[in-house]
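Worksheet: the structure to be examined is printed underneath.
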Amino acid sequence: MKRQQAEKHGRDGETRAALWLQAKGWRILARRVKTPRGEIDLIVKRGALIAFVEVKWRRNKTDLDHAIDAYRLQRVAGAVECVAHEYAQDGEDIRVDVILLAPGTLPRHIPNAWQP
């Protein structure tokens with residue numbers, strides 16, 4: 575039951591992040607893309623930039639500071655390597671972003687969070 579509740583909160587967080595990104599001018603290309611190396615929560619585009627977005631939802635704002643780490647970012651980057659060619663055309667830039675969410679807070683967007 576606890577896992578199901580966490581999954582629901584995660585999906586709700588992804589929807590909230592997608593709506594927030596759309597309000598900021600991003601176009602949603604895909605959601606919950608599964609690859610052999612992991613899942614990408616959102617793939618979005620604005621201009622010539624494709625962002626592969628990891629969304630993290632926490633119950634408490636204070637927990638957001640520890641929601642993402644180098645290991646998790648490396649897994650997302652690995653997943654991006656599997657599918658980047660399907661979304662980015664020649665001349666378009668790609669990056670890995672993170673959006674952190676908690677009740678009662680605005681989304682915290684960390685652009686270009688993965689620096690190999």
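To convert a position in the sequence shown, counted from 1, into the working numbering, add 574.
The C-beta atom is built at its ideal place from N, Cα and C for all residues, glycine as well.
Computed from a predicted model, the values in this text were never measured in an experiment.
Nearest residue (CA-CA) to residue i, options the options
| i | options | result |
| --- | --- | --- |
| Leu-595 | Gly-652, Glu-613 and Ile-617 | Ile-617 |
| Pro-541 | Cys-656, Ile-624, Ala-641 and Lys-619 | The displayed coordinates of the chain run from 575 to 690. Any statement about residue 541 would go beyond what the structure contains. |
| Val-607 | Gly-584, Phe-626, Arg-590 and Leu-593 | Phe-626 |
| Leu-623 | Ala-592, Arg-649, Gly-584 and Leu-603 | Leu-603 |
Rounded separation between residue i and residue j - CA only
| i | j | result |
| --- | --- | --- |
| Asp-667 | Arg-633 | 33 Å |
| Pro-681 | Arg-605 | 18 Å |
| Gly-599 | Glu-581 | 27 Å |
| Gln-587 | Ile-684 | One point to set straight first is that residue 587 is Gly, not Gln, in the sequence displayed. Gly-587 and Ile-684: Cα-Cα distance of roughly 15 Å. |
| Ala-653 | Thr-589 | 20 Å |
| Trp-688 | Asp-643 | 10 Å |
| Asp-664 | Gly-621 | 13 Å |
Whole-Å CB distance - residue i paired with residue j, under 8 Å assumed
| i | j | result |
| --- | --- | --- |
| Val-561 | Leu-647 | No statement about residue 561 is possible, as the shown extent of the chain runs from 575 to 690 and does not include it. |
Beta-bridge pairing of residue i - partner residues as DSSP gives them
| i | result |
| --- | --- |
| Glu-613 | Lys-608 |
| Lys-598 | DSSP output for Lys-598 lists no bridge partner at all. |
N- and C-terminal bounds of the alpha helix (DSSP H) containing residue i
| i | result |
| --- | --- |
| Arg-646 | 644 to 661 |
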